[in-house]
Amino acid sequence: MSVGEEIRTEQGKPQQSLGTAAARNLATTTKSAPQMQEISSRWLLRTLPWVNVQGGTYRVNRRLTYAVGDGRITFVKTGDRVEVIPAELGELPALRAFEDDEVLAELAQRCRQREIAAGEIIASFGSQSDEVYLLAHGRVEKVGTGPYGDDQVLAVLADGAYFGDAALLSEDAIWEYTARADTACTVLTLSRQDVQQVAERADSLRAHLQQQRSVPQQQTNKYGEKEVALAAGHSGEPDIPHTFVDYEARPREYELSIAQTVLRIHTRVADLYNQPMNQTEQQLRLTVEALKERQEHELVNNREFGLLHNCEYDQRLQPHDGVPGPDDMDELLSRRRGTKMFLAHPRAIAAFGRELNKRGLVPETIDIGGNRIPTWRGVPIYPCNKIPVTPERTSSIIAMRLGEEDQGVVGLRQAGIPDEIEPSLSVRFMGINEQAVIKYLVTAYYSAAVLVPDALGVLENVEIGRWR
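Going left to right, the sequence shown walks through residues 1 to 468 as the UniProt record's numbering numbers them.
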């Protein structure tokens with residue numbers, strides 16, 4: 001600006017005082033700490049009871065159980081064609097523990113794909129059963145007759161389920177219920193005739209099926225555990241039964257999983273730019289937050305120990321109307337004693353709230369750490385955005401009993417590790433390299449264990465995008 005030239009405002013008038021742009025050069029700027037959108041409430045990490053695991057391994061000892069397999073069959077979809085993974089046929093009771101891969105591959109090739117319309121009757125009560133159905137996609141209702149002759153829905157099956165498997169071992173098998181498609185379904189069928197044709201040429205399959213037919217049924221309780229022989233209500237001097245409680249010979253062991261990263265900070269930044277906030281502290285704080293978010297994600301989704309993948313098949317429920325309703329939540333509660341928490345995606349909680357609104361119900365809320373948490377039957381429903389939402393806009397709701405004393409779900413960690421800043425979370429100095437960059441190794445160790453199967457239940461495939 002030349003001498004004598006006046007500064008003018010936007011309106012063209014001469015400026016009469018110091019402008020804000022120039023004044024900021026002399027002012028001290030007030031700054032916030034670095035913010036991070038990824039940070040969530042992480043209720044699972046906050047509410048899960050943690051067990052200190054020395055040696056990095058936690059062994060869950062249980063009574064001997066004769067039920068094996070997860071009861072869920074996995075498929076591969078290529079375009080419109082659906083195929084069953086051959087090894088997954090071992091989930092069928094008739095083929096359980098059968099390990100001839102070539103024979104299983106041939107049986108998988110003989111499976112025929114069928115598309116079934118919503119409302120179609122797949123099998124009728126009392127009719128001859130000659131094939132097993134593998135449900136690749138859709139929802140099927142098992143319908144039986146109630147005590148007064150009316151139809152009752154006994155169960156709802158969804159992706160990965162099977163039904164009619166008794167036909168593979170018995171020529172006299174009949175349908176004990178009516179199977180009705182609740183939605184459009186894609187199923188694969190495997191007939192008894194195809195299995196017999198393969199067995200005629202494969203000695204291994206023929207011997208396996210004969211063994212399955214001849215093995216006496218093991219006496220078990222309703223949980224599949226070896227029954228303890230007892231006598232009750234007797235009088236006189238009868239012989240008292242002898243018994244013992246057997247244990248699993250190879251109990252499951254959980255090894256602590258790990259999440260790590262190497263944080264790098266240049267010494268020039270750490271030395272010169274530490275006011276008013278310490279750069280190293282802020283970098284570590286945000287890194288630890290990201291590590292905890294990943295830790296909670298793994299506790300929910302990890303295929304080895306994650307909650308969604310470690311729920312037993314008979315503890316997985318399907319919503320009767322697709323959307324999560326009060327009746328479905330009651331059914332989920334009824335499957336276990338002492339449920340301490342629900343865990344659901346916020347959109348699933350909103351869908352449940354819409355169902356309550358339609359019925360004129362208002363859920364109670366409780367105060368937990370200054371937060372109002374909705375409840376159902378007194379059990380808090382915690383939000384967890386780590387539970388996935390599928391492209392079809394479906395999700396899951398998890399119910400858990402917690403703690404070792406109640407034979408529930410527990411978190412696993414090891415406290416007292418070197419350079420620990422929180423239990424089982426450490427920050428270790430790794431030195432300074434030739435480029436003057438400081439390195440810190442940030443590590444978290446964790447896992448989760450389900451002590452008995454009914455401690456964990458999942459309401460699957462709940463629709464969260466339906467508005468009506």
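Glycine residues also receive a C-beta, built at the ideal position from the N, C-alpha and C atoms.
Could you pull the DSSP bridge partners for residue i from this structure?
i, result
"residue 24", "DSSP, once it has assigned bridges, lists no residue as partnering residue 24."
"residue 341", "400"
"residue 52", "413"
"residue 429", "440"
"residue 382", "343"
"residue 422", "425"
"residue 178", "143"
"residue 229", "DSSP output for residue 229 lists no bridge partner at all."
"residue 456", "400"
"residue 374", "365"
"residue 163", "133"
By Cβ distance below 7 Å, which residues in the same chain neighbour residue i in space, the five residues on each side in sequence not counted?
i, result
"residue 323", "351, 355, 462, 463, 466"
"residue 363", "356, 374, 375, 376"
"residue 228", "243, 245"
"residue 213", "169"
For the putative contact between residue i and residue j, defined by C-beta atoms under 8 Å, what is the C-beta separation to the nearest angstrom?
i, j, result
"residue 176", "residue 156", "Not really, about 17 Å apart at Cβ, beyond 8 Å."
"residue 159", "residue 137", "6 Å"
"residue 409", "residue 450", "5 Å"
"residue 190", "residue 110", "6 Å"
"residue 60", "residue 251", "6 Å"
"residue 439", "residue 264", "5 Å"
"residue 336", "residue 150", "That belief does not hold up - the Cβ atoms of residue 336 and residue 150 are roughly 29 Å apart, past 8 Å."
"residue 342", "residue 381", "4 Å"
"residue 53", "residue 299", "Residue 53 to residue 299, Cβ: 14 Å. No contact."
"residue 255", "residue 57", "5 Å"
By the 10 Å Cβ neighbour count, where 16 or more other Cβ atoms means buried, how is residue i classified, buried or exposed?
i, result
"residue 295", "buried"
"residue 292", "buried"
"residue 172", "exposed"
"residue 374", "buried"
"residue 446", "buried"
"residue 247", "exposed"
"residue 307", "buried"
"residue 448", "buried"
"residue 129", "buried"
"residue 457", "buried"
"residue 386", "buried"
"residue 310", "buried"
Starting from the C-beta of residue i, find all residues in its chain whose C-beta is less than 8 Å away, skip the five residues before and the five after it, and write them out in chain order.
i, result
"residue 108", "83, 84, 85, 86, 89"
"residue 436", "266, 267, 268"
"residue 407", "401, 451, 452, 455"
"residue 116", "122, 138, 181, 184, 185, 186, 187"
"residue 38", "289, 290, 293"
"residue 104", "86, 87, 89, 90, 95, 98"
Please list, in chain order, all residues of the same chain as residue i whose beta carbon is under 6 Å from its beta carbon, the five residues on each side excluded.
i, result
"residue 328", "319, 459"
"residue 112", "189"
"residue 325", "355"
"residue 51", "410, 412"
What are the start and end residues of each continuous alpha helix (DSSP H) run of 4 or more residues lying completely inside the segment 294 to 357, in chain order?
-> Within the segment 294 to 357, the complete alpha helix (DSSP H) runs of at least 4 residues are 326 to 334.
Considering only residues of the segment 71 to 141, which uninterrupted beta strand (DSSP E) runs meet the minimum length of 3 residues and lie entirely inside it, listed in chain order?
-> With a minimum length of 3 residues, the continuous beta strand (DSSP E) runs that stay inside the segment 71 to 141 are 75 to 78, 81 to 84, 112 to 116, 121 to 123, 131 to 137.
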